[in-house]
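*Asks:*
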Amino acid sequence: MTITEALGDSYVGADLSADLAAAALDLARRFHDGATLWVISPQWEPHAHHVAVEFVHPVIMGKRALPSVALVEPDPVAQARVASQPGDLLIAVASADEPAVIDAMRRAQAWGVLTLWIGSGPRPPVGAANHVLWIDSDDPMVPATGRFVLMYHLLWELTHVCFEHPGLLKAPAQECTDEVCVTCGDEGRLGEVVLEPSAESSGATGQALVRTATGEEWVDTTLVGDVRTNDLVLVHAGAAITRLEVSP
Amino acid sequence: MTGNLTGHEPESTGFLYPFIESEETDATSLLDDLAASARAKATESARLQRESLDEYAAALTAAGTAMAERFLRGGRLYTLGNGGSSTDAATLASLFSRPARGRPVAAWSLAADEAVVTALGNDVGFELIFKRQIIAHARDRDVAIALSTSGNSEDLMTAITEANQRGVLTVGFSGHDGGRMAAAEDLDFCFTVHSQSIHRIQESHAMLGYRLWSVTQEHMARPLSEARA
Numbered sequence: 521m522t523i524t525e526a527l528g529d530s531y532v533g534a535d536l537s538a539d540l541a542a543a544a545l546d547l548a549r550r551f552h553d554g555a556t557l558w559v560i561s562p563q564w565e566p567h568a569h570h571v572a573v574e575f576v577h578p579v580i581m582g583k584r585a586l587p588s589v590a591l592v593e594p595d596p597v598a599q600a601r602v603a604s605q606p607g608d609l610l611i612a613v614a615s616a617d618e619p620a621v622i623d624a625m626r627r628a629q630a631w632g633v634l635t636l637w638i639g640s641g642p643r644p645p646v647g648a649a650n651h652v653l654w655i656d657s658d659d660p661m662v663p664a665t666g667r668f669v670l671m672y673h674l675l676w677e678l679t680h681v682c683f684e685h686p687g688l689l690k691a692p693a694q695e696c697t698d699e700v701c702v703t704c705g706d707e708g709r710l711g712e713v714v715l716e717p718s719a720e721s722s723g724a725t726g727q728a729l730v731r732t733a734t735g736e737e738w739v740d741t742t743l744v745g746d747v748r749t750n751d752l753v754l755v756h757a758g759a760a761i762t763r764l765e766v767s768p
Numbered sequence: 326m327t328g329n330l331t332g333h334e335p336e337s338t339g340f341l342y343p344f345i346e347s348e349e350t351d352a353t354s355l356l357d358d359l360a361a362s363a364r365a366k367a368t369e370s371a372r373l374q375r376e377s378l379d380e381y382a383a384a385l386t387a388a389g390t391a392m393a394e395r396f397l398r399g400g401r402l403y404t405l406g407n408g409g410s411s412t413d414a415a416t417l418a419s420l421f422s423r424p425a426r427g428r429p430v431a432a433w434s435l436a437a438d439e440a441v442v443t444a445l446g447n448d449v450g451f452e453l454i455f456k457r458q459i460i461a462h463a464r465d466r467d468v469a470i471a472l473s474t475s476g477n478s479e480d481l482m483t484a485i486t487e488a489n490q491r492g493v494l495t496v497g498f499s500g501h502d503g504g505r506m507a508a509a510e511d512l513d514f515c516f517t518v519h520s521q522s523i524h525r526i527q528e529s530h531a532m533l534g535y536r537l538w539s540v541t542q543e544h545m546a547r548p549l550s551e552a553r554a
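One line per chain: the protein sequences are U and V, in this order. Per this note's numbering, residue 521 is the first one in the first sequence, and the count goes up by one each step. Per this note's numbering, residue 326 is the first one in the second sequence, and the count goes up by one each step.
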């Protein structure tokens, strides 16, 4: 379908509008808790800048200025890694096959960062980001026709509507008991190696400093052997139990 | 007695205000409202894009054709805008300079280089950040597209005047009632998107730019004899 034919339809159907609503509420909740929004778009940097300026300097007078920064250096993963803290937000505007975005979205889980992925064309795999806001069109010109702009405009507008509902900005209480809790139990959390085991310590216990959604901790790496800085590992009960392969 | 009343008051009057928002706990209706709002705004965005394309069909063809002729003579495109419109200007420039398909032509956003923008802003004033670049870069075969949702930005207007004097083809994308752009004699083409929403105007600006690019591409793909006919 060409761009002009698509103009006959509305751009946002029932599914996408529900995705946008859920994403906006999550965004508002995290901003309410002090999040900074990081934005990457390795293929279309101006979109990253547009998202950031939208939140920082709203076009509607009186709306809150919110912290948002476009990360447009040549290595957006490295930039997002050092910028982001647990509780932050990361939006990518990119196609599903953009390697840096695939990598950043995966690592964001270890950084404790909530992810949104805006794009068009073939979709990313299910679960690739917390929220996937997608335009199902195979036309490569979509990013230049205003439809991505519409998507993040809507996201911004809906997020600010959520601020008018302070009672809903508290995240729903986690279902949690001492015996069985998948959320906070130590079942295997994704971690990213910050400091690999040093030469002195590796002989003894192989302690590596690992970053997870809950902060930094020293973990035993005996089970997984050689680990390097920025490797992804699964952490369980104070030990790295698996090293994840870098995405193909 | 007074104490009794006071003690009961919060409980006994709470039913009068069941929807005090700080006490809202069920997000279902909010999410439904947000989704409905998203659909309505998206429908309006598409309608406005269609309306703008229809209104300016002939002028878009004329402007795109004139641009193509300049590109074929080695002309290049400068795009100008402030804030969100500067990012849309950058998207438009990269549509021309590295399109997903078709022929690339030289194009860049005059807001893209922070060294140049801050040097000019600091030394000669913000309203001259674009004009001074036009003086440095522009040749009589070039094209400038200025994007402003109000049509009133001083830095764009002074740059357009300068560009026009230097023989540059000048195109303005405006909004609301067109502002100063709608009345500017320095603009060869002015496309005003009739809306009060800055967001919806920007979305239509993108579509107008896309149409200009499409016309340009079509014209540049024709054999020379046909293009002249």
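Cβ coordinates follow ideal geometry from the N, Cα and C atoms, glycine included.
Taking the alpha carbon of residue 403 of chain V as the point to measure from, which residue in V:449, V:503, V:386 and V:466 has its own alpha carbon closest?
*Replies:* Taking only the C-alpha atoms, the option nearest residue 403 of chain V is V:466.
*Asks:* Just to confirm the assignment: which complete beta strand (DSSP E) runs, minimum length 3, are found wholly within the segment 634-666 of chain U?
*Replies:* Runs found: 634-640 and 651-655.
*Asks:* Verify whether the separation of the beta carbon atoms of residue 366 of chain V and residue 501 of chain V is less than 9 Å.
*Replies:* Not closer than 9 Å, so no.
*Asks:* Taking the alpha-carbon positions, what's the residue 361 of chain V to residue 536 of chain U distance?
*Replies:* Rounded to whole angstroms, residue 361 of chain V to residue 536 of chain U spans 11 Å at the Cα level.
*Asks:* State the Cα-Cα distance for the pair residue 484 of chain V and residue 364 of chain V, rounded to the nearest angstrom.
*Replies:* Their Cα atoms are separated by approximately 38 Å.
*Asks:* Where are the beta strand (DSSP E) runs, 3 residues long or more, that stay fully inside the segment 477-514 of chain V, in chain order?
*Replies:* Whole beta strand (DSSP E) segments, 3+ residues: 494-500.
*Asks:* Rounded to the nearest angstrom, what separates residue 635 of chain U and residue 609 of chain U at their Cα positions?
*Replies:* For residue 635 of chain U and residue 609 of chain U, the distance between alpha carbons rounds to 6 Å.
*Asks:* Would residue 497 of chain V count as contacting chain U if we go by Cβ distances under 9 Å?
*Replies:* With 9 Å as the cut-off, residue 497 of chain V does not count as an interface residue toward chain U.
*Asks:* For the beta strand (DSSP E) that residue 761 of chain U lies in, which residues bound it at each end?
*Replies:* First-last of the beta strand (DSSP E) with residue 761 of chain U: 759-764.
*Asks:* Should residue 456 of chain V be labelled buried (16 or more other beta-carbon atoms within 10 Å of its own) or exposed?
*Replies:* Buried.
*Asks:* Going by C-alpha to C-alpha distance, which of V:437, V:397 and V:422 sits closest to residue 405 of chain V?
*Replies:* That would be V:437, whose Cα lies nearest to the Cα of residue 405 of chain V.
*Asks:* In terms of alpha-carbon separation, which member of V:508, V:507, V:541 and V:512 lies closest to residue 492 of chain V?
*Replies:* The option with the nearest alpha carbon to residue 492 of chain V is V:512.
*Asks:* State yes or no: is the beta carbon of residue 517 of chain V nearer than 9 Å to at least one beta carbon in chain U?
*Replies:* Chain U contact via Cβ: absent.
*Asks:* Just to confirm before moving on: does the CB-CB distance between residue 530 of chain V and residue 472 of chain V stay below 9 Å?
*Replies:* In this structure, residue 472 of chain V lies closer than 9 Å to residue 530 of chain V by Cβ.
*Asks:* Let me confirm a value: residue 663 of chain U is counted as buried when at least 16 other C-beta atoms fall within 10 Å, else exposed. Which label applies?
*Replies:* Classification of residue 663 of chain U: buried, given that the 10 Å Cβ count is 16 or more.
*Asks:* Please state whether DSSP places residue 605 of chain U in a helix, a strand or coil.
*Replies:* Looking at residue 605 of chain U - three-state DSSP - the assignment turns out to be coil, as it is neither helix nor strand.
*Asks:* Going by beta carbon distance, what residues of the same chain come within less than 7 Å of residue 616 of chain U, once the five residues before and after it are set aside?
*Replies:* Hits under 7 Å: 639, 641, 642, 643 and 644.
*Asks:* I want to know whether the segment 746-762 of chain U touches the segment 728-735 of chain U - three or more CB-CB distances under 8 Å.
*Replies:* Output reads yes: the segment 728-735 of chain U touches the segment 746-762 of chain U.
*Asks:* Identify the residues that DSSP records as bridge partners of residue 434 of chain V: which are they?
*Replies:* BP columns for residue 434 of chain V point to V:404.
*Asks:* Are the C-beta of residue 657 of chain U and some C-beta of chain V separated by less than 9 Å?
*Replies:* No, because no Cβ of chain V sits closer than 9 Å to the Cβ of residue 657 of chain U.
*Asks:* Taking CB distances under 9 Å as the criterion, tell me whether residue 638 of chain U reaches chain V.
*Replies:* No, residue 638 of chain U lies away from the interface with chain V (no Cβ there is under 9 Å from its Cβ).
*Asks:* Can you name the residues of chain U whose CB is closer than 8 Å to the CB of residue 364 of chain V?
*Replies:* Residues of chain U passing the Cβ test: 530, 532, 533, 534 and 537.
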